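**Student:**
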Amino acid sequence: MKKLLLVLLVVLCLPVLAHAEDYVVGEGDTLSVHVWGEDELKSTVIVRPDGKMSMPGIDDIMAAGKTVPELKKEVTVQLSKLVKSPIVSISLLKSVNSRVFVVGGGVQPQVYDMPQRTTLLHVLASVGSLDAADLTKAYVYREGKKVMSDFSGLFSKGEFDKDIQLEPGDMIFLPVKYERNVFVIGAVNQPKAIFFHEGFTVLDALLQAGSFSKYADEDEVLIIRKDGDKKITIPVKTKDLIKKGDLSQNVLLQAGDYIVASESFF
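In mature numbering (1 follows the signal peptide of the UniProt record, and there is no 0), the protein residues as written are -20 to -1, 1 to 246.
And the structure:
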């Protein structure tokens, strides 16, 4: 009984970042290995790029692809050749494989590290503004299929029962909300979608797109606007706006507008 209590104390005092029983060890993970009563076998190991790890008494053992309990069982078997009835404890100190990936035009792409069990809502709350993201068309992609679609109820309406547990390797796709953006294309330095707000002008959009490229024809800028089933084309003389201060050319934009900067042939 005393021996069991000592083992439990060791386990509880280990500085773990995560201890999900179903966590699969991967290359680069850092593990703490303790063998009760055998201080010389205590070690902190990093799983190598080949998926193997080494520790006192064991030259190589395949760690990647195993859960922590499976790896503990394998280490116990190997150490049994050196120690009678070894009591082994393995803890995950640092994980480099518990990551999810946030992609799509609605947010800045990023990698989210999961030091502990993490839900979709936790990630959505930490990626920054979602004003430009179309939550109704967003989804979580896992192992070749969508496991959840449409985040609007979860994030915007408080339907927390729709929250899901994320798994390492999940892809969170947040597409751009097209009806809330303007688009600058053509002969500019940084063609892009820009989140629309009231009072946004053609000059604002061009400046956010890095202004004109060296091939641009500054008198051949068009705003293409959809009005129902019709397309309206609005020419803008940006040279007059920029060099002469003609503010009549600084057209107020609407969500969904395309600003097209043409190239000069001369």
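By construction, the Cβ of each residue, glycine as well, lies at the ideal position given by its N, Cα and C atoms.
Every value quoted in this text rests on a predicted model; they were computed, and no experiment measured them.
#1: Identify whether Asp237 lies in helix, strand or coil by the three-state DSSP scheme.
#2: According to DSSP, Asp93 sits in a beta bridge with which residue or residues?
#3: Would you say the beta carbon of Phe153 is closer than 7 angstroms to some non-hydrogen atom of the ligand ATP?
#4: Using alpha carbons as the reference points, say which of Asp197, Met33, Ser60 and Leu232 lies closest to Lys219.
#5: Could you spell out the range, first to last residue, of the alpha helix (DSSP H) harbouring Gly138?
#6: What are the boundary residues of the beta strand (DSSP E) that Pro66 is part of?
#7: Do Val103 and Val82 count as a contact pair if the criterion is CB distance below 8 angstroms?
#8: Helix, strand or coil for Val87, going by three-state DSSP, please let me know.
#9: Looking only at C-alpha atoms, which of Leu59, Gly6 and Val5 sits nearest to His14?
#10: Distance check for Lys142 and Ala44, CA to CA, integer angstroms please.
#11: Could you tell me the distance, in whole angstroms, from the CA atom of Glu243 to the CA atom of Gln96?
#12: Does DSSP classify Gln145 as helix, strand or coil?
#13: Can the beta-carbon of residue 302 be found closer than 8 angstroms to that of Val25?
#14: Have a look at Lys53 and Ile70 and give me their C-alpha separation to the nearest angstrom.
#15: In the DSSP assignment, what residue or residues form a beta bridge with Tyr3?
#16: Taking 8 angstroms as the threshold, find out whether the segment 159 to 166 comes into contact with the segment 175 to 191 through three or more Cβ pairs.
**Tutor:** Taking the definition as stated:
#1: Along the sequence shown, one-based indexing puts residue 237 at 257. Coil, per DSSP.
#2: The residue labelled residue 93 in the question sits at position 113 within the sequence shown. DSSP lists Arg79 as partners of Asp93.
#3: Here there are no bound small molecules, and the ligand ATP is not part of this structure.
#4: Here residue 219 corresponds to residue number 239 of the sequence shown, with the count starting at 1. The option with the nearest alpha carbon to Lys219 is Asp197.
#5: Mapped onto the sequence shown, residue 138 falls at position 158. Where Gly138 is concerned, there is no enclosing alpha helix (DSSP H), given that its DSSP letter is neither H nor E.
#6: Position 86 of the sequence shown, counted from the start, is the residue given in the question as residue 66. Taken as a continuous stretch (DSSP letters only), Pro66 belongs to no beta strand (DSSP E), as it is neither H nor E.
#7: Numbered from its first residue, the sequence shown carries residue 82 at position 102. Numbered from its first residue, the sequence shown carries residue 103 at position 123. Yes; because the gap between Cβ atoms is below 8 angstroms, this pair is in contact.
#8: Within the sequence shown, residue 87 is the residue found at index 107, counting from 1. Looking at Val87 - three-state DSSP - the assignment turns out to be coil, as it is neither helix nor strand.
#9: On the sequence shown, position 34 is the one that residue 14 refers to. Of Leu59, Gly6 and Val5, the residue nearest in Cα terms is Leu59.
#10: The count along the sequence shown starts at 1 and reaches residue 44 at position 64. The count along the sequence shown starts at 1 and reaches residue 142 at position 162. The alpha-carbon atoms of Ala44 and Lys142 are separated by roughly 32 angstroms.
#11: As a first step, residue 243 must be located in the sequence shown, where it is residue number 263. As a first step, residue 96 must be located in the sequence shown, where it is residue number 116. Taking the straight line joining both Cα atoms gives about 51 angstroms.
#12: For the purposes of this step, residue 145 is taken as residue 165 along the sequence shown, with counting starting at 1. Here Gln145 sits in strand by DSSP.
#13: Because the chain here runs from -20 to 246, residue 302 falls outside it and cannot be looked at.
#14: Reading the sequence shown from its first residue, position 73 is the one you call residue 53. Reading the sequence shown from its first residue, position 90 is the one you call residue 70. Between Lys53 and Ile70, the C-alpha separation is close to 10 angstroms.
#15: Counting from one through the sequence shown, the residue named residue 3 turns up at place 23. For Tyr3, which the question treats as bridged, DSSP gives no partner whatsoever.
#16: yes
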